[in-house]
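**Student:** Got a structure here, written out as structure tokens. Questions coming.
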Amino acid sequence: MRKPLLVTGTAMSAALLLVGCSGGGGLRSVEMTDEDRAAGEAPSIDYETPIKVEGNETKVLDEGDGEDIDPGDTLMVQMSIYSGGDKSELGESYSQRAGQVLTFDDDLKERVPELYEAMEGMKVGGVVAYSSDATAGQSGTEGDDSTAVEVYEIIDEVPSGIDGEMKESPDGLPAVTEGEDGAPQIAEPEGKAPSEVTSEYLIEGDGEEIGEGDTVVADYVGVRWEDGEVFDSSYESGSPAALPLDTMIPGWAEALEGKKVGSRVIMSIPAEKAYGTAEELGEDSEYPAGDLVFVVDLLASYDTPEPEPLPDPTASVVNEGDGAEVEDGDTLLVRTSPVEDGEPQQEQDQVMRIDDDLAESDQFLHDQLADARVGTSVDITSSADDGTGQVQETTVRYTVQEILPDSPEGEMAASTDGLPQVSEGESGTPQIEKPSGEAPDDVVTQTLIAGDGAEVKAEDTVAVDYVGVRWEDGEVFDSSYERGVPTAFPLSAVIPGWSEGLEGQKVGSRVLISIPADKAYGTQEEVDADGSGSPAGDLLFVVDILGATESAEQPEAPATGDATDGAEDSATADDQASAEG
Numbered sequence: 000m001r002k003p004l005l006v007t008g009t010a011m012s013a014a015l016l017l018v019g020c021s022g023g024g025g026l027r028s029v030e031m032t033d034e035d036r037a038a039g040e041a042p043s044i045d046y047e048t049p050i051k052v053e054g055n056e057t058k059v060l061d062e063g064d065g066e067d068i069d070p071g072d073t074l075m076v077q078m079s080i081y082s083g084g085d086k087s088e089l090g091e092s093y094s095q096r097a098g099q100v101l102t103f104d105d106d107l108k109e110r111v112p113e114l115y116e117a118m119e120g121m122k123v124g125g126v127v128a129y130s131s132d133a134t135a136g137q138s139g140t141e142g143d144d145s146t147a148v149e150v151y152e153i154i155d156e157v158p159s160g161i162d163g164e165m166k167e168s169p170d171g172l173p174a175v176t177e178g179e180d181g182a183p184q185i186a187e188p189e190g191k192a193p194s195e196v197t198s199e200y201l202i203e204g205d206g207e208e209i210g211e212g213d214t215v216v217a218d219y220v221g222v223r224w225e226d227g228e229v230f231d232s233s234y235e236s237g238s239p240a241a242l243p244l245d246t247m248i249p250g251w252a253e254a255l256e257g258k259k260v261g262s263r264v265i266m267s268i269p270a271e272k273a274y275g276t277a278e279e280l281g282e283d284s285e286y287p288a289g290d291l292v293f294v295v296d297l298l299a300s301y302d303t304p305e306p307e308p309l310p311d312p313t314a315s316v317v318n319e320g321d322g323a324e325v326e327d328g329d330t331l332l333v334r335t336s337p338v339e340d341g342e343p344q345q346e347q348d349q350v351m352r353i354d355d356d357l358a359e360s361d362q363f364l365h366d367q368l369a370d371a372r373v374g375t376s377v378d379i380t381s382s383a384d385d386g387t388g389q390v391q392e393t394t395v396r397y398t399v400q401e402i403l404p405d406s407p408e409g410e411m412a413a414s415t416d417g418l419p420q421v422s423e424g425e426s427g428t429p430q431i432e433k434p435s436g437e438a439p440d441d442v443v444t445q446t447l448i449a450g451d452g453a454e455v456k457a458e459d460t461v462a463v464d465y466v467g468v469r470w471e472d473g474e475v476f477d478s479s480y481e482r483g484v485p486t487a488f489p490l491s492a493v494i495p496g497w498s499e500g501l502e503g504q505k506v507g508s509r510v511l512i513s514i515p516a517d518k519a520y521g522t523q524e525e526v527d528a529d530g531s532g533s534p535a536g537d538l539l540f541v542v543d544i545l546g547a548t549e550s551a552e553q554p555e556a557p558a559t560g561d562a563t564d565g566a567e568d569s570a571t572a573d574d575q576a577s578a579e580g
């Protein structure tokens with residue numbers, strides 16, 4: 000299998016980021032050996048080894064026979080990298096991407112003058128080799144201080160902008176004007192955002208229609224519907240981007256497929272087809288939340304190469320368990336950890352359900368766990384494309400800790416001491432009546448169903464189902480029952496009232512916990528000040544304690560606006576699959 004490159008700017012790491020002086024002829028022996036190669040294939044090269052340069056050095060291998068390259072041009076470039084020690088291919092971008100954008104401008108001239116000078120006088124189709132002493136000793140082979148050979152092919156010149164007179168935005172979408180530099184500026188949206196993806200021409204080009212999965216080269220600006228704030232702009236970064244539609248948010252593909260190259264398009268994308276709502280993303284997310292608006296200049300479009308198939312995942316049983324057999328539909332407490340040099344790293348406990356959702360997200364993982372017993376440890380090695388062309392192989396260890404019950408068994412007792420009553424809905428999930436009167440000043444825990452398992456310890460990770468409501472209005476703000484799967488978290492990673500309320504309780508119990516604001520997330524004023532979006536004031540929870548195990552060592556969990564301080568994310572099927580990396 001060929002080794003694709005990361006192509007989000009770091010693929011051209013040396014050429015775009017390094018500066019140096021010319022070396023002393025280290026690339027003189029580099030030659031292309033397949034002048035008749037097919038379009039879209041990486042060139043084969045040959046050279047005397049080892050390659051060792053001082054500073055940065057270039058050599059033109061083919062001047063090209065297409066359009067002349069002029070200062071300011073935007074180019075589509077492919078690249079491949081070879082070892083200066085043994086000529087082996089270290090990576091290439093041809094098999095994964097239609098190309099990468101490189102602007103032939105003063106910025107490139109300032110940072111990598113050798114590459115700029117080599118490209119002067121070249122044409123589209125030209126090929127240039129580059130090497131930098133910054134890559135010396137990075138081959139991974141002990142004693143190898145050779146420098147890598149990077150080969151760049153100029154495959155096309157991209158138009159610098161869109162021609163035509165811009166018309167007004169359609170009804171319901173914000174107005175768009177042009178700044179002094181010609182970049183589109185989006186007015187603050189008004190009213191409600193469209194509920195579906197909306198895409199209209201502001202300037203209609205006459206190029207080919209963009210096809211499904213194409214790679215588009217585009218300039219764009221994006222704003223949030225709620226306030227019109229710009230969150231991303233290629234105009235500000237100074238260069239368009241090459242974007243395979245298959246790797247973009249769903250709304251981009253839906254809005255742009257069928258549009259003509261050479262067009263300027265305004266599109267509105269609802270949160271569900273963008274990055275999600277603020278609640279879904281969490282407070283620490285770098286992605287823009289909510290409904291979004293983009294203006295996109297479609298400069299070019301290319302077929303995206305079909306990626307080579309990834310290797311099938313493999314499994315290696317580390318320990319044969321001797322506990323109960325896992326059956327389809329079981330809910331498991333599983334310890335997971337990435338494996339490096341045969342040793343587990345950063346272990347954490349998760350709840351996984353052996354069901355169709357897990358099978359859909361990761362059939363191989365589903366099948367391995369479905370054939371396990373309690374106590375089984377299995378290492379699963381898988382390869383994944385991170386969406387940028389980089390294929391990474393990871394190994395994750397899964398250890399089945401226990402099979403969890405669906406819910407506590409027993410008749411539920413009535414609440415006392417002024418706490419609200421709890422009933423069960425048709426599905427058997429607990430429902431908390433609206434509280435009345437003053438909340439207790441301290442943490443109060445009442446056992447509604449008494450289990451007979453081990454007592455929960457302060458250092459444990461607990462597997463639970465739970466629902467949380469605010470004391471002031473009885474509104475549910477968080478519920479694992481609604482998500483459809485329990486969650487697991489260490490008591491050391493939750494709000495203080497949870498730790499205090501659950502410590503000493505027995506596995507198999509259902510408990511009602513009242514937590515004052517000072518042992519939850521704080522008062523409304525405090526929550527507003529920290530901007531976390533957490534539920535404010537006194538809180539109430541009903542918790543089903545399904546299992547407990549001594550916590551694995553792990554980094555401190557970040558605070559979020561739910562009862563488990565962020566730990567419940569491990570319960571989702573997507574996160575179960577992504578644990579493999």
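The sequence shown: position 111 = 110 (numbering that gives the first Met the number 0), numbered continuously. Ideal Cβ positions, reconstructed from N, Cα and C, are used throughout, including at glycine.
1. Is it buried or exposed for Thr-460, if we count other Cβ within 10 angstroms and need 16 for buried?
2. Assuming Val-260 contacts Gly-210 under a Cβ cut-off of 8 Å, what Cβ separation, rounded to an integer in Å, is found between them?
3. Since Ser-598 sits in a beta bridge, which residues does DSSP pair it with?
4. To the nearest angstrom, how far is the alpha carbon of Ala-492 from that of Gln-95?
5. If we ignore side chains and look at the alpha-carbon of each, how far apart do Ala-535 and Ala-516 end up?
6. Which of helix, strand or coil does DSSP assign to Thr-134?
7. Pop quiz: Ile-185 and Gly-227 are said to be a contact at Cβ under 8 Å. What is the actual Cβ separation, rounded to whole angstroms?
8. Measuring CB to CB, does Glu-392 end up less than 8 Å from Thr-375?
9. Tell me, to the nearest whole angstrom, how far the beta carbon of Thr-335 is from that of Gln-347; I am working on the premise that it is less than 8 Å.
10. Thinking C-alpha only, which one of Glu-342, Pro-337, Thr-313 and Val-463 is nearest His-365?
11. If you check the beta carbons only, do Thr-415 and Val-510 fall under 8 Å apart?
12. Where Glu-555 and Lys-108 are concerned, what is the direct C-alpha to C-alpha distance, given to the nearest angstrom?
13. If I'm right that Phe-540 touches Ile-494 with Cβ under 8 Å, what's the distance once you round it to whole angstroms?
14. Just checking my contact of Gly-65 with Gly-124 at CB under 8 Å: how many whole Å lie between their CB atoms?
15. The alpha helix (DSSP H) spanning Gly-204 covers which residue range?
16. Pairing CB atoms from the segment 224 to 242 with CB atoms from the segment 280 to 291, are three or more of them under 8 Å?
17. Can you tell me which residues form a DSSP beta bridge with Ser-43?
18. Got a sec? Which residues, its chain only, sit under 6 Å from Asp-245 by beta carbon, not counting five neighbours each side?
19. Classify Glu-474 as buried or exposed, calling it buried when 16 or more other Cβ atoms lie within 10 Å of its own Cβ.
20. I'd like the span of the alpha helix (DSSP H) that includes Phe-363, first residue to last.
21. In this structure, does DSSP put Gly-221 in helix, strand or coil?
22. Residue range of the alpha helix (DSSP H) that Glu-278 falls in?
23. Provide the residue(s) that pair with Ile-512 in DSSP beta bridges, ordered along the chain.
24. Are Val-100 and Ala-240 touching if we call contact CB-CB under 8 Å?
25. By a C-beta neighbour count over all protein chains shown, 10 Å radius and 16 as the cutoff for buried, is Glu-324 buried or exposed?
26. With DSSP as the reference, label Ser-376 as helix, strand or coil.
27. Evaluate contact between the segment 71 to 89 and the segment 43 to 51, counting only Cβ atoms and requiring at least three cross-stretch pairs below 8 Å.
28. Using the three-state DSSP reduction, which class does Pro-419 fall into: helix, strand or coil?
29. Would you list the one or two residues that DSSP bridges to Ile-431?
30. Can you check the segment 235 to 273 for any alpha helix (DSSP H) of at least 4 residues that lies completely inside it and give the ranges in chain order?
31. Nearest to Arg-372 by alpha carbon, out of Gln-349, Val-395 and Ile-402?
32. So what does Ile-185 bridge to, in DSSP terms?
33. Closest by CA to Gly-417, which one among Gly-427, Pro-439, Gln-344 and Glu-408?
34. With 16 as the cutoff for other CB atoms within 10 Å, does Leu-298 come out buried or exposed?
35. Among Ala-487, Val-126, Asp-144 and Arg-482, whose alpha-carbon lies nearest the alpha-carbon of Asp-132?
**Tutor:** So, to answer that:
1. buried
2. Contact doesn't hold; Cβ gap of about 11 Å is too wide.
3. The chain is shown from 0 up to 580; residue 598 falls before or after that span and cannot be answered.
4. 41 Å
5. 7 Å
6. helix
7. 7 Å
8. no
9. 6 Å
10. Thr-313
11. no
12. Annotation note: pLDDT 46 at Glu-555 (below 50); position unreliable, coordinate value reported separately. Roughly 45 Å separates the two Cα atoms.
13. With a Cβ gap of about 10 Å, Phe-540 and Ile-494 do not count as contacting.
14. 5 Å
15. Element bounds for Gly-204: n/a, residue is neither H nor E.
16. yes
17. Note: Ser-43 sits in no beta bridge, so no partner.
18. Gly-212
19. exposed
20. 362 to 369
21. strand
22. 277 to 280
23. Thr-444 and Phe-540
24. yes
25. exposed
26. strand
27. yes
28. coil
29. Val-421
30. 249 to 255
31. Ile-402
32. Val-175
33. Pro-439
34. buried
35. Asp-144
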